[in-house]
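**Q** The structure's right below; bear with me while I get my questions together.
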Amino acid sequence: MISHSSFACSCKWLGDFFEASKKMDLIVKAEVIEKLKEDEPFDTIMRIKILEKYKGNEEQNEILVYGDKGADCLAYISEFELGEVYYLALGKSLISNDKYLQGNCGELYLTEGRRWKNDRKERGFIKVQTNFRNE
Numbered sequence: 066m067i068s069h070s071s072f073a074c075s076c077k078w079l080g081d082f083f084e085a086s087k088k089m090d091l092i093v094k095a096e097v098i099e100k101l102k103e104d105e106p107f108d109t110i111m112r113i114k115i116l117e118k119y120k121g122n123e124e125q126n127e128i129l130v131y132g133d134k135g136a137d138c139l140a141y142i143s144e145f146e147l148g149e150v151y152y153l154a155l156g157k158s159l160i161s162n163d164k165y166l167q168g169n170c171g172e173l174y175l176t177e178g179r180r181w182k183n184d185r186k187e188r189g190f191i192k193v194q195t196n197f198r199n200e
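Quick note, the sequence shown lines up with residues 66 to 200 if you use the numbering used here.
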């Protein structure tokens, strides 16, 4: 008899970007400027440069955003490309007030002006001129 234990993420789908972002702490247009590994063989953190802020109190121009390590219900940082611009709806960590998390239980990030697909569904995109202030 072989026994394996595994853990998986389980979360409620928050909806499209406009719905899901209402529940997040910080909404920004940002460029990915660095990817980092944290005790894993793959990237789990990205450093972003905030180009525009739509919601939130963050004062820093650059912040670290943490992604999934395996079963955290967060986005995989490998989905983000260096130098690309994204619209991100980020949540603050419950453990550390200066730590932001890129969730994956809703459409919580969009690219600017292009589409891409992942294993779940086609993600949306935003044209450069779009104004989506979340008020």
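Quick reminder that beta carbons are idealized off the backbone N, C-alpha and C, glycines included.
Does DSSP put ILE98 in a helix, in a strand, or in coil?
**A** If DSSP states are grouped into helix, strand and coil, ILE98 belongs with the strands.
**Q** Return helix, strand or coil for LYS87, following the three-state DSSP convention.
**A** Of the three classes helix, strand and coil, the one that applies to LYS87 here is helix, per DSSP.
**Q** According to the neighbour-count rule (16 or more other Cβ atoms, all chains shown, within 10 Å of its Cβ), is ASN126 buried or exposed?
**A** exposed
**Q** Would CYS76 be called buried (16 or more neighbouring beta carbons within 10 Å of its own) or exposed?
**A** Burial call: exposed.
**Q** Grouping DSSP H, G and I as helix and E and B as strand, with all else coil, what is ILE113?
**A** strand
**Q** Taking 8 Å as the limit between beta carbons, can you name the residues of its chain near LEU116, skipping five residues before and five after?
**A** VAL93, LYS94, ALA95, GLU96, VAL150
**Q** Excluding five sequence neighbours on each side, which residues of the same chain lie with their C-beta closer than 7 Å to the C-beta of SER143?
**A** PHE107, ASP108
**Q** Grab the span of the beta strand (DSSP E) containing TYR151 for me, first residue to last.
**A** Element bounds for TYR151: 150-157.
**Q** Which residues does DSSP list as the beta-bridge partners of GLY168?
**A** DSSP, once it has assigned bridges, lists LEU139 as partnering GLY168.
**Q** Under three-state DSSP, which class holds GLU127?
**A** strand
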